[in-house]
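Residue numbers (the numbering used here): 43 to 332.
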């Protein structure tokens with residue numbers, strides 16, 4: 043039962059909470075002991091709150107998930123995890139994480155509480171409204187970045203990164219909807235109501251728009267942010283970003299393996315390689331060339 047509860051908390055999706063570290067890395071404080079520990083603690087608390095959201099979401103989607111070809115094997119739909127225990131775990135996680143977040147930083151607690159409230163509204167209402175559902179997902183990523191900002195004394199963090207985060211998360215969100223629509227075909231609406239408001243051609247247009255603007259916004263960041271080297275060496279990361287976006291698009295449309303971005307991140311070696319190389323280049327530019 044404990045194993046079923048941990049699986050319902052979806053630890054594989056905690057990779058999304060890595061956006062909390064963006065402020066630390068891009069404000070050149072990664073190797074400072076206190077800011078790193080504070081950000082690490084914030085990451086852990088964000089994982090607890092996001093797991094709370096996943097538990098409540100699975101409870102809300104219980105009947106629909108039992109009809110889904112993949113989700114029916116999850117602990118709650120399959121009956122491995124009792125609903126009462128899932129509710130108890132969700133309440134316990136909230137009661138633990140929010141006071142600890144306040145102790146860490148009242149502003150961080152506010153961001154974490156906003157994330158929780160928005161996602162509870164998403165679970166109850168917003169996930170059934172086309173476009174709004176993906177915008178809420180994007181808001182969750184932006185709040186992760188903002189949470190990282192509240193945990194440290196920011197000096198040179200560029201707002202361009204918030205723009206890039208918004209566009210990239212929209213790209214991933216629409217990509218996920220497209221993959222779900224392709225997987226479930228004509229029965230999509232019975233599994234996820236919001237899919238009735240989408241078509242694959244429409245989603246392809248959305249994906250084209252946000253993928254192109256993500257590349258443009260990131261490119262503008264690499265030579266316009268005030269804390270970057272004057273030789274514009276940050277532009278060396280652009281090819282990795284472009285490849286990562288194109289690779290995810292390939293997985294969506296050709297191999298049909300991109301239904302869950304976190305699963306792709308943990309399994310696709312070319313995508314992992316592009317992220318790793320981009321990360322190494324960022325560290326070299328910020329911490330050795332700046």
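Note that CB positions come from ideal geometry on N, CA and C, so glycine has one too.
Distance CB(residue i)-CB(residue j) smaller than 8 Å
i: residue 224; j: residue 185; result: no
i: residue 303; j: residue 214; result: yes
i: residue 46; j: residue 117; result: yes
i: residue 275; j: residue 327; result: yes
i: residue 150; j: residue 193; result: yes
i: residue 107; j: residue 119; result: yes
i: residue 51; j: residue 93; result: yes
Helix, strand or coil at residue i according to DSSP, with G and I counted as helix
i: residue 199; result: coil
i: residue 194; result: coil
i: residue 141; result: helix
i: residue 215; result: helix
i: residue 58; result: helix
i: residue 173; result: coil
i: residue 220; result: helix
i: residue 149; result: helix
i: residue 314; result: helix
i: residue 63; result: helix
i: residue 80; result: helix
i: residue 85; result: helix
i: residue 328; result: helix
i: residue 52; result: coil
i: residue 73; result: coil
Assumed close pair residue i, residue j - CB separation to whole angstroms, cut-off 8 Å
i: residue 26; j: residue 331; result: This structure leaves residue 26 out entirely; the chain is present only between 43 and 332.
i: residue 254; j: residue 205; result: Not really, about 14 Å apart at Cβ, beyond 8 Å.
Neighbour flag for residue i against chain E, beta carbons, 8 Å
i: residue 226; result: In the displayed structure, chain E is absent; only one protein chain is listed.
Touching by the beta-carbon criterion (3+ pairs, under 8 Å), the stretch 154-166 and the stretch 93-104: yes
Are the stretch 206-221 and the stretch 237-249 touching, with three or more C-beta to C-beta distances below 8 Å? yes
Restricting to runs no shorter than 4 residues, where is the alpha helix (DSSP H) found entirely within the stretch 231-312? 242-266, 280-292 and 303-309
Which parts of the stretch 103-140 are runs of the alpha helix (DSSP H), unbroken and 4 residues or longer, counting only runs that do not cross its ends? 104-108 and 117-120
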